[in-house]
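Take a look at the structure below.
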Amino acid sequence: GGPGEKTESKAEAKPAQRFNIGRAPSAEEIRGWDIDVRPDGQGLPVGKGTVAQGEKLFMDNCASCHGEFGEGAGRWPVLAGGKGSLTLDNPVKTVGSYWPYASTLFDYVRHAMPFGSPQSLKVDEYYALVAYVLYLNDVITDQNFELSNSNLATIKMPNEGGFMMDDRATSEKAFWQKEPCMKNCIAPVKITGRATAVDVTPEDKDGKPRGVE
Amino acid sequence: GGPGEKTESKAEAKPAQRFNIGRAPSAEEIRGWDIDVRPDGQGLPVGKGTVAQGEKLFMDNCASCHGEFGEGAGRWPVLAGGKGSLTLDNPVKTVGSYWPYASTLFDYVRHAMPFGSPQSLKVDEYYALVAYVLYLNDVITDQNFELSNSNLATIKMPNEGGFMMDDRATSEKAFWQKEPCMKNCIAPVKITGRATAVDVTPEDKDGKPRGVE
Amino acid sequence: ATAIAAPARAGAGNPANQPPNVPEWTRTLGEGVAVRPYGKPSKFEKDVVRRDVEWLTASRESSVSFTPLHELEGIITPNGLCFERHHGGVADVDPADHRLMIHGLVERPLLLSLDELKRFPRVNRIHFMECAANSGMEWRGAQLNGCQFTHGMIHCVQYTGVSLRTLLEEAGVKSSGKWLLVEGADSAAMDRSLPTEKALDDCIIAYKMNGEALYPEQGYPMRLVVPGWQGNLWVKWLRRIEVGDQPWHTREETSKYTDLLPNGKARRFTWSMDAKSVITSPSPQAPIKHGKGFTIVSGLAWSGNGKVKRVDVSLDGGRNWWPARLDGPVLDKALTRFYYEFDWNGESLLLQSRVQDETGYVQPSKAELRKVRGYNSIYHNNGIQTWHVQANGEVENVEVA
Amino acid sequence: ATAIAAPARAGAGNPANQPPNVPEWTRTLGEGVAVRPYGKPSKFEKDVVRRDVEWLTASRESSVSFTPLHELEGIITPNGLCFERHHGGVADVDPADHRLMIHGLVERPLLLSLDELKRFPRVNRIHFMECAANSGMEWRGAQLNGCQFTHGMIHCVQYTGVSLRTLLEEAGVKSSGKWLLVEGADSAAMDRSLPTEKALDDCIIAYKMNGEALYPEQGYPMRLVVPGWQGNLWVKWLRRIEVGDQPWHTREETSKYTDLLPNGKARRFTWSMDAKSVITSPSPQAPIKHGKGFTIVSGLAWSGNGKVKRVDVSLDGGRNWWPARLDGPVLDKALTRFYYEFDWNGESLLLQSRVQDETGYVQPSKAELRKVRGYNSIYHNNGIQTWHVQANGEVENVEVA
Ligand code: HEC
Ligand code: HEC
Ligand SMILES: [Ca+2]
Ligand SMILES: [Ca+2]
Ligand SMILES: [Ca+2]
Ligand SMILES: [Ca+2]
Ligand SMILES: [Ca+2]
Ligand SMILES: [Ca+2]
Ligand SMILES: [Co+2]
Ligand SMILES: [Co+2]
């Protein structure tokens, strides 16, 4: 259409392409960026690596932050342990105690680790590292186990059954009300806890919380 | 009222003071800031000054920008002249040709001049300066005329009758329409002028108007 | 994958950062949080700035800088890009010492600090603010080549402050109090007369814009907001309100901000801003770079008299019009974003936009406007703007007849 | 002039700049126009900044900085103060090289530059964006003393961009395409699964916020906007959308952003943000400095499920409630400003606010919330906040029962 001819409205639009803007990425371009992995193994690149290989790689690339056994150095994340802690006061959520799928570990580590130089290792090295982290978590118990694109999706994680779909609409139905209570809703209350007692708020030199004028 | 007692709504509010916030300024505080002047002379401070006194002050404080005769140096504002130009192609709007009230001159010069050091002169000096600018504009013709708080409001400016209240609602009534025209509203048009021909737009080094990516 | 024709793009960039490669910003960590406690735009946006026109004024302290409308979208103007108009430079006010004085024909004169002003009930409103001289350089014909310069004396933010009515009720305006003098604390000590009727209607003494404190160039720590009325009335660095029984006829409402008609008479107190619109893209600073095909016309419309009712766009200099789509909130006396989308066949266009507001007022053509107002009004030029889109996508400011 | 009692003010300031004197900023010219082509706040506002809590994280590159809610008003967050949450620092993306790839279960895979994205029809919407971990440090009890830290992982701006639906229609999602993977170009290459149903409903690929280009820390040059849903889904520096038939269960939706319940089971895909509110002033960082008398309670309310219907305020820790006044536009999935004004008698208060959204959902007390969710959910803490106002006007974060 030329000037003066209005574009068809959404309702009339044909299902086919409408704008002709941009271009199709080439197969190579997609391959370069398409690094995600799903629980069913979709997306796994061809490759393999053993726990033993992973151990060495982990010491070289990961242990400085996550500790030699995935216990976490300083405040850096803990990667192993915490089994059975999910119902305790202080759950320790790790790959072994919490993560539902092994694919997530491969997807994440390749996307984001080593912190600061992600995607810097070879595909085989990522398989080895994932194998080692699973080993640290007792998901894999054989040091000679070789993790690969053909077996990663078969690995069963301990807490796979630990998740449920968001059910707030039903389990928290009581929060939907007609008219909120306005008078004498609860018995008189008392202060039971104070942030100042916990005393972890960043402070200015004057000892007041940061940002107090 | 204490906690839990809502403030009365606007409708119920008594006409008297409601918030008790701030304080009353003292008479001295008001006097220090209350420097405006109205056409009827309200606000004029006690003082006086002659055209002759003003001439010297003007040369010392104003002429560098406005020119010795108010003709304006460079792009600084012109203060005198332009009489009879309001219906011409290029009207020159000055104190003499355009301004309706002498009070405005006193009010403005004391508020804002000399540019960069306003309120720096004495009240008598402002009277003298205003007298001189009126003299430059032939509103005052006697060099010995002494302008003061008792006679400023009596000065009649040439263009006092030149103003009318905003009348767009009636004089431009045609701009209110039911349905704007959509088809064949005017005869086909041609370009009759181009900003590029006038060529006054700030440019980047590439010769394009500033801000073109 | 179906191959889609790729339009030629200016500059190939750095292929190393394009697919299938992993760009450098993915391979390395970026700056941490709070490294910039107060953020700023990307270095790649360094050209999105306010600009002035040097030949317009003798000094930058009494001058204007223009909002880069051609780079903006939506209806909110970011605080850093709100146009500036000063008469004595940007007053650098210490809020601890700033005071607002209310006196004159009132029962209880008031002196308020900023902290005290903040104790009064607050209101929040999104409003445009336009200088009455916006487009003033265009009365005699197309002069400046870019909507930043032709229309950039406008911005639109959310204000928070105190209803002026609240303060006037607190002070108790006497029945004879029909006018206010509002005055700034800057070096020009700008003063203007405001009718009490408007003051009691919808004016605000604002201390926040877009949530945070006013920027210094917008009147920190407090300014007057006069919805729909000319920007000159929106006194910045507000220090004083005097209630009187007559207008003051100050310099800014006599020498300036009066509209000279062809018969030599001038309209005074032309406060309200007529309905107006402008296409912000394409425009001279925002040419069409993609060649023919689906093309978006994006623009702004507003009215000092209420809400925008409709906007139409013409591609042939005003002969035929097509309804534009209003997008985002349509608020009272606020900028309204409109779009017109069409398939450009690559031929030259004479682009125009035309707004109608809720009072029925239709933005006039420049010819219609000049017929009533002549060429020397300076202020209130709300005539329809024409952009000439050339076959190569370049755009220029033109006049048509 | 009637004398009005002046409350004691902290610091007398500099009398030389107070009436009857003419302050120095009136006596001298200020900075000219365009001296700051891009403006910034007054130097007197230097404390109004994003802040981080150092002990929270091992490194600033994977951390959070908080919006100073206690200093803000209205509903718009200025771009410079929008909270930051990064997992690999702020990607410093050159827009010339950035690409958005759409592939997977689509008829026509697409590769778009920023310029090309801008050619698609535009939409403008004002939405809040809240991190699901906002208030997450408060599950076990009052921890952080200031609403910047307890509630500052939220902001609200006007976005301009392309409806995700438009792009998905352009690419032609196959009937089996039920999920999207959305992925960033930062060093964490953040990836999340998004159901197609939401993607086709109201999501936006935004390139502007509050009118101007996204700030780098907000995803320049493009980010995903997922109205009402947790901020983690609003992928910044968006580089890729893959359409699939199942969710990916990425690290950010398994290890993180799942809500552990007392029975050891965890809720996944808890996308929408429950209705929530907080009083921003008075609050620990914004004490009452004026003593007893007329007092303004200012706060924010929002809901990921629609509009705010009402807000109530309690002065006695939730026993009795008083309706607050909503001010300014009440928009869908946007921050809403509320006020409660009362005469403070100078006695200590237990201040709370409680929102009800248009679905009828009423913000629960912390006790009610913990009864269902326990103490280890980390995310989605929308329990009612209590501020203890002391007789001297100081305010602290407390728990009550
Ligand atoms: C310089 C420090 C550093 C190094 C080295 C490092 N990591 Fe990390 N790791 C982190 C940080 C920080 C996070 C959390 C990032 C975030 O919050 O998004 C993390 C997160 C993880 C997680 C997810 C933890 C969870 O509970 O969600 C895994 C798994 C992981 N790293 C594995 C590795 C592996 C494998 C290597 C080596 C190839 C490695 N990391 C190297 C700092 C590091
Ligand atoms: C350094 C330059 C400078 C000096 C010195 C100066 N002025 Fe001005 N004057 C200006 C500028 C600039 C303006 C316009 C300010 C504005 O736009 O608000 C102006 C405006 C005026 C106007 C109003 C002109 C109009 O048409 O509205 C008058 C009257 C005036 N000056 C008088 C004086 C007097 C009297 C003095 C000396 C006491 C003086 N000026 C000193 C620069 C100067
Ligand atoms: Ca994939
Ligand atoms: Ca301490
Ligand atoms: Ca402090
Ligand atoms: Ca007075
Ligand atoms: Ca030139
Ligand atoms: Ca250029
Ligand atoms: Co002006
Ligand atoms: Co996160």
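Residue numbers (our numbering), protein chains in the order written: chain A, 1 to 213; chain B, 1 to 213; chain C, 1 to 401; chain D, 1 to 401.
Ideal placement from N, C-alpha and C gives every residue a C-beta, glycine not left out.
Spatially closest choice to A206 (chain C) from C:S62, C:V225, C:W229, C:P247, by CA coordinates: Looking up residue 206 (chain C) in the third sequence gives position 206. Closest by alpha carbon: C:V225.
Using a Cβ cut-off of 7 Å, which residues of the segment 285-309 of chain D contact any Cβ in chain B, in chain order? G293, F294
Cβ of S65 (chain C) within 9 Å of any chain B Cβ: Taking the third sequence and counting its residues from 1, one reaches residue 65 (chain C) at position 65. It does not: the Cβ of S65 (chain C) has no partner Cβ on chain B nearer than 9 Å.
In whole angstroms, what separates the C-alpha of K208 (chain D) from that of P287 (chain C)? Taking the first residue of the fourth sequence as 1, we reach residue 208 (chain D) at position 208. Taking the first residue of the third sequence as 1, we reach residue 287 (chain C) at position 287. Whole-angstrom Cα-Cα distance: 19 Å.
Suppose the cutoff is 7 Å on Cβ atoms and the five residues either side in sequence are ignored; what does the same chain contact list for D316 (chain C) look like? Numbered from its first residue, the third sequence carries residue 316 (chain C) at position 316. Excluding positions up to five away in sequence, the list reads L350.
Who are the neighbours of I186 (chain A) on chain C, taking C-beta pairs under 8 Å? In the first sequence, the residue the question calls residue 186 (chain A) occupies position 186. Here the premise fails: no neighbours, minimum Cβ distance about 30 Å.
Min CB distance E172 (chain A) to chain D below 9 Å: Taking the first sequence and counting its residues from 1, the one referred to as residue 172 (chain A) is at position 172. Taking Cβ atoms only, chain D reaches closer than 9 Å to E172 (chain A), which makes this a yes.
Taking C-beta to C-beta, are V53 (chain C) and V64 (chain C) nearer than 9 Å? If you number the third sequence from 1, residue 53 (chain C) lands on position 53. If you number the third sequence from 1, residue 64 (chain C) lands on position 64. The answer is yes: Cβ separation under 9 Å.
Amino acids of chain B, ordered along the chain, whose beta-carbon sits closer than 8 Å to that of T28 (chain D): On the fourth sequence, residue 28 (chain D) is found 28 positions in, with the first residue counted as 1. G116, S117, listed in chain order.
Could you compute how far the alpha carbon of S97 (chain A) sits from the alpha carbon of N345 (chain D)? Here residue 97 (chain A) refers to the residue found at position 97 of the first sequence. Here residue 345 (chain D) refers to the residue found at position 345 of the fourth sequence. Whole-angstrom Cα-Cα distance: 54 Å.
Check whether C185 (chain A) and N320 (chain D) have beta carbons under 9 Å apart: If you number the first sequence from 1, residue 185 (chain A) lands on position 185. If you number the fourth sequence from 1, residue 320 (chain D) lands on position 320. Taking 9 Å as the Cβ cut-off, C185 (chain A) and N320 (chain D) qualify as a contacting pair.
Answer with buried or exposed for F175 (chain B), where buried requires no fewer than 16 other C-beta atoms within 10 angstroms of its C-beta. By 1-based counting over the second sequence, the position of residue 175 (chain B) is 175. When all chains shown are included, F175 (chain B) counts as buried.
Which same chain residues end up closer than 8 Å to G328 (chain C) when comparing Cβ atoms and leaving out the 5 residues on each side of it in sequence? Taking the first residue of the third sequence as 1, we reach residue 328 (chain C) at position 328. Correct list, in chain order: G74, I75, T336, R337.
Please classify S62 (chain C) as buried or exposed, where buried requires at least 16 neighbouring CB atoms within 10 angstroms. Position 62 of the third sequence, counted from the start, is the residue given in the question as residue 62 (chain C). It is buried - the Cβ of S62 (chain C) has at least 16 other Cβ atoms within 10 Å.
Kindly examine ligand 3 and report whether one of its heavy atoms sits closer than 8 Å to the Cβ of E242 (chain D). Counting from one through the fourth sequence, the residue named residue 242 (chain D) turns up at place 242. E242 (chain D) Cβ: within cutoff of ligand 3.
Where do the N-terminal and C-terminal ends of the beta strand (DSSP E) with H86 (chain D) fall, by residue? Mapped onto the fourth sequence, residue 86 (chain D) falls at position 86. Unbroken beta strand (DSSP E) run through H86 (chain D): 84-86.
So, is the C-beta of V22 (chain C) closer than 9 Å to a C-beta in chain E? Among the protein chains of the structure shown, namely A, B, C and D, there is no chain E.
From P77 (chain A) to A133 (chain C), what does the alpha carbon distance come to, in whole angstroms? Taking the first residue of the first sequence as position 1, residue 77 (chain A) is located at position 77. Taking the first residue of the third sequence as position 1, residue 133 (chain C) is located at position 133. The alpha-carbon atoms of P77 (chain A) and A133 (chain C) are separated by roughly 60 Å.
Mind checking if I35 (chain A) is an interface residue toward chain D, Cβ cutoff 9 Å exclusive? Residue numbering aside, residue 35 (chain A) sits at position 35 when the first sequence is read from its first letter. So yes, I35 (chain A) belongs to the interface.
May I ask whether a heavy atom of ligand 2 can be found less than 8 Å away from the beta carbon of M209 (chain C)? Sequence index remark: in the third sequence, residue 209 (chain C) carries index 209 (1-based). Outside the cutoff, so no.
Would you mind reading off the limits of the alpha helix (DSSP H) that contains C65 (chain A)? Working through the first sequence from its first residue, we reach residue 65 (chain A) at position 65. 63-66 is the extent of the alpha helix (DSSP H) around C65 (chain A).
Does the structure place the segment 359-366 of chain C close enough to the segment 157-177 of chain B that three or more beta carbon pairs sit under 8 Å? yes
Taking R51 (chain D) and P202 (chain A) to be in contact with their CB atoms under 8 Å, please state how far apart those CB atoms are, rounded to whole angstroms. Translated into the one-based positions of the fourth sequence, residue 51 (chain D) becomes position 51. Translated into the one-based positions of the first sequence, residue 202 (chain A) becomes position 202. Contact holds; Cβ gap of about 7 Å.
Residues of chain B with CB under 7 Å from Y361 (chain C), in chain order? Counted from its first residue, the third sequence places residue 361 (chain C) at position 361. Neighbours of Y361 (chain C) on chain B, chain order: F175, W176.
Since G172 (chain C) and V106 (chain C) are thought to touch, with beta carbons under 8 Å apart, how far apart are those beta carbons, to the nearest angstrom? Position 172 of the third sequence, counted from the start, is the residue given in the question as residue 172 (chain C). Position 106 of the third sequence, counted from the start, is the residue given in the question as residue 106 (chain C). Confirmed, about 5 Å.
For my contact list, T384 (chain C) and K371 (chain C) are in at a C-beta cut-off of 8 Å; report their separation, rounded to the angstrom. Looking up residue 384 (chain C) in the third sequence gives position 384. Looking up residue 371 (chain C) in the third sequence gives position 371. Here residue 384 (chain C) turns out to be Ile, not Thr, going by the sequence shown. Rounded, the Cβ-Cβ distance is 13 Å, inconsistent with contact.
Would you list, in chain order, the members of the segment 66-84 of chain C that have their beta-carbon closer than 8 Å to a beta-carbon of chain B? P68, H70, E71
Just reading off the beta strand (DSSP E) that I279 (chain D) is part of, what are its end residues? Taking the first residue of the fourth sequence as position 1, residue 279 (chain D) is located at position 279. Note, I279 (chain D): beta strand (DSSP E), 276-281.
Contacting residues, own chain, Cβ-Cβ under 6 Å from Y135 (chain A) (five flanking each side not counted): The count along the first sequence starts at 1 and reaches residue 135 (chain A) at position 135. The answer, listed in chain order, is V51.
Y101 (chain A) in three-state terms, based on DSSP: Working through the first sequence from its first residue, we reach residue 101 (chain A) at position 101. Residue state, collapsed to three classes: coil.
Could you name the residues of chain C that L86 (chain B) contacts, counting a contact when the two beta carbons are closer than 7 Å? Here residue 86 (chain B) is taken as the residue at index 86 of the second sequence, counted from 1. Chain C residues near L86 (chain B): L260, G264.
Cα-Cα separation between A188 (chain D) and G47 (chain A), rounded to whole angstroms: As a working note, residue 188 (chain D) is residue 188 in the fourth sequence. As a working note, residue 47 (chain A) is residue 47 in the first sequence. Whole-angstrom Cα-Cα distance: 22 Å.
Under 7 Å Cβ to Cβ from G67 (chain A), same chain only, skipping five residues before and after it: list those, please. Position 67 of the first sequence, counted from the first residue, corresponds to residue 67 (chain A). Contacts found: A73.
Which two residues bound the contiguous alpha helix (DSSP H) that contains F294 (chain C)? The count along the third sequence starts at 1 and reaches residue 294 (chain C) at position 294. Looking at the DSSP string, F294 (chain C) is not in any alpha helix (DSSP H); the run it does join, the beta strand (DSSP E), is 293-302.
Under 9 Å, do G304 (chain D) and G228 (chain D) count as touching if we go by C-beta distance? Here residue 304 (chain D) refers to the residue found at position 304 when the fourth sequence is read from its first residue. Here residue 228 (chain D) refers to the residue found at position 228 when the fourth sequence is read from its first residue. The answer is yes: Cβ separation under 9 Å.
At a Cβ threshold of 9 Å, is N392 (chain D) touching chain C? Indexing the fourth sequence from 1 puts residue 392 (chain D) at position 392. It does not; no Cβ of chain C falls within 9 Å.
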